[in-house]
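Note that the protein sequences, when read in sequence, are chains S and H. Read in order, the letters of the first sequence are residues -2 to 109 in the working numbering. Read in order, the letters of the second sequence are residues -2 to 109 in the working numbering.
Number of protein chains: 2
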Amino acid sequence: MNRDLIHESLAKKVKNKMLSDDLLFDVAEVFKIFGDSTRIKIIYALKLSELCVSDIAFITNSSESAISHQLRILKQAKLVKSRKDGKIVYYSLKDEHVIKLFEIGREHALEL
Amino acid sequence: MNRDLIHESLAKKVKNKMLSDDLLFDVAEVFKIFGDSTRIKIIYALKLSELCVSDIAFITNSSESAISHQLRILKQAKLVKSRKDGKIVYYSLKDEHVIKLFEIGREHALEL
DNA sequence: CCTTCATTTGAATACCCGTTCATATATTCA
DNA sequence: TGAATATATGAACGGGTATTCAAATGAAGG
């Protein structure tokens, strides 16, 4: 780690302009949530409609347990919200921001 | 997996409207690339300037080997491009799309 | 050529994380 | 209250992946 810098002036300038490690970590965390097939499927399904756990399990061909675990993660990340009606818990996307992120990722995926 | 559907009609409708597993998988893959602190740091640094491997290692406090590995991943994902000048390889972001995705993730991270 | 230096590569390690399975909680209804 | 059902939870297992370390590649300069 104690070498000569190849472009000392430039590298130090860029290093000074870097965002904080904390913020960059948080940004990575947001993307990490979207970076799983099951969660992306859930997000897209919820983009189409409010749904309960077993609906989502059916739609995504996953177990209810797996979906429940993933919904907890999505909820902790404040990407989805839930309401309870009797035995059934209905999940939906928390805001338009989530949809925006999804759409841009989708555009990019299509460009490959 | 062979239960009664709670909201059969709705669930089947949503399932029919789902994007293909392949596409949703690809979308998740894109986000997965962004979902790592080191790679996000690299992306942000390259947003500020074209840089070589050892510059990036200095800026991100990582080893050159680790950066090189991550740059390969970023290049395979078509998020960065490179040009060679003698011994030195200069990396830069491939297009504005990458910046757009980063910025939206950043906005979302700030909203927590 | 031989050395130096920037980068790459491969194998090994260690860690993270998604799923499964079994069980628990909670709510409805008989 | 007791059975049935929807969801949640916790532990454990397995697969994936980021980093490290050692070594290889490739280019410049003496």
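Backbone N, C-alpha and C define an ideal beta-carbon position, used for all residues, glycine too.
Checklist entry - Taking Cβ positions, are leucine 68 (chain H) and serine 79 (chain H) nearer each other than 9 Å? => result Translated into the one-based positions of the second sequence, residue 68 (chain H) becomes position 71. Translated into the one-based positions of the second sequence, residue 79 (chain H) becomes position 82. In contact: leucine 68 (chain H) and serine 79 (chain H) (Cβ atoms closer than 9 Å).
Checklist entry - Mind checking if histidine 4 (chain H) is an interface residue toward chain S, Cβ cutoff 9 Å exclusive? => result Translated into positions along the second sequence, residue 4 (chain H) becomes position 7. With 9 Å as the cut-off, histidine 4 (chain H) counts as an interface residue toward chain S.
Checklist entry - Would a check of beta-carbon distances place tyrosine 41 (chain H) closer than 9 Å to chain S? => result Translated into positions along the second sequence, residue 41 (chain H) becomes position 44. Yes, its Cβ sits closer than 9 Å to a Cβ of chain S.
Checklist entry - Ordered along the chain, which non-local residues of its own chain (more than five positions away) have a Cβ less than 7 Å from that of glycine 102 (chain S)? => result For this step, residue 102 (chain S) is matched to residue 105 along the first sequence. So the list reads Phe31, once near-sequence residues are dropped.
Item to check | Complete alpha helix (DSSP H) runs within the stretch -2 to 64 of chain H (minimum length 4 residues, chain order) | outcome: 5 to 14, 18 to 31, 34 to 45, 50 to 57
Checklist entry - Where do the ends of the alpha helix (DSSP H) carrying lysine 97 (chain S) lie? => result Looking up residue 97 (chain S) in the first sequence gives position 100. That run of the alpha helix (DSSP H) goes 93 to 107.
Checklist entry - Quick one: is valine 77 (chain S) near chain H, going by C-beta distance under 9 Å? => result As a working note, residue 77 (chain S) is residue 80 in the first sequence. With 9 Å as the cut-off, valine 77 (chain S) does not count as an interface residue toward chain H.
Next on the checklist: Assuming contact is defined by CB atoms lying nearer than 9 Å, are isoleucine 56 (chain H) and lysine 44 (chain S) in contact in what I supplied?
Outcome noted: By 1-based counting over the second sequence, the position of residue 56 (chain H) is 59. By 1-based counting over the first sequence, the position of residue 44 (chain S) is 47. Contact: no.
Next on the checklist: I'd like the span of the beta strand (DSSP E) that includes leucine 90 (chain S), first residue to last.
Outcome noted: Mapped onto the first sequence, residue 90 (chain S) falls at position 93. Where leucine 90 (chain S) is concerned, the enclosing beta strand (DSSP E) stretches over 85 to 90.
Checklist entry - Can the beta-carbon of histidine 4 (chain S) be found less than 9 Å from the beta-carbon of glutamate 108 (chain H)? => result To locate residue 4 (chain S), count along the first sequence from 1; it is residue 7. To locate residue 108 (chain H), count along the second sequence from 1; it is residue 111. It is not a contact, given that the beta carbons lie outside the stated cut-off.
Item to check | 9 Å Cβ cutoff, histidine 94 (chain H) in contact with chain S | outcome: Locating residue 94 (chain H) in the second sequence gives position 97, counting from the first residue. Closer than 9 Å: yes.
Item to check | Min CB distance alanine 63 (chain H) to chain S below 9 Å | outcome: For the purposes of this step, residue 63 (chain H) is taken as residue 66 along the second sequence, with counting starting at 1. Judged by the 9 Å Cβ criterion, alanine 63 (chain H) is not in contact with chain S.
Next on the checklist: Given this structure, state the Cα-to-Cα distance separating lysine 38 (chain S) from aspartate 19 (chain H), to the nearest angstrom.
Outcome noted: As a working mapping, residue 38 (chain S) is identified with position 41 in the first sequence. As a working mapping, residue 19 (chain H) is identified with position 22 in the second sequence. Going from the Cα of lysine 38 (chain S) to the Cα of aspartate 19 (chain H) covers about 11 Å.
Item to check | When S:Ser6, S:Glu104, S:Phe22, S:Ser46 are compared against tyrosine 88 (chain S), the one with the closest alpha-carbon | outcome: Start at 1 with the first residue of the first sequence, and residue 88 (chain S) comes out as number 91. When each option's Cα is compared against that of tyrosine 88 (chain S), the closest is S:Ser46.
Item to check | Cβ of methionine -2 (chain S) within 9 Å of any chain H Cβ | outcome: Translated into positions along the first sequence, residue -2 (chain S) becomes position 1. Residue placement at methionine -2 (chain S) is flagged as unreliable, the pLDDT there being 34, under the threshold of 50; a coordinate-derived value is accordingly withheld.
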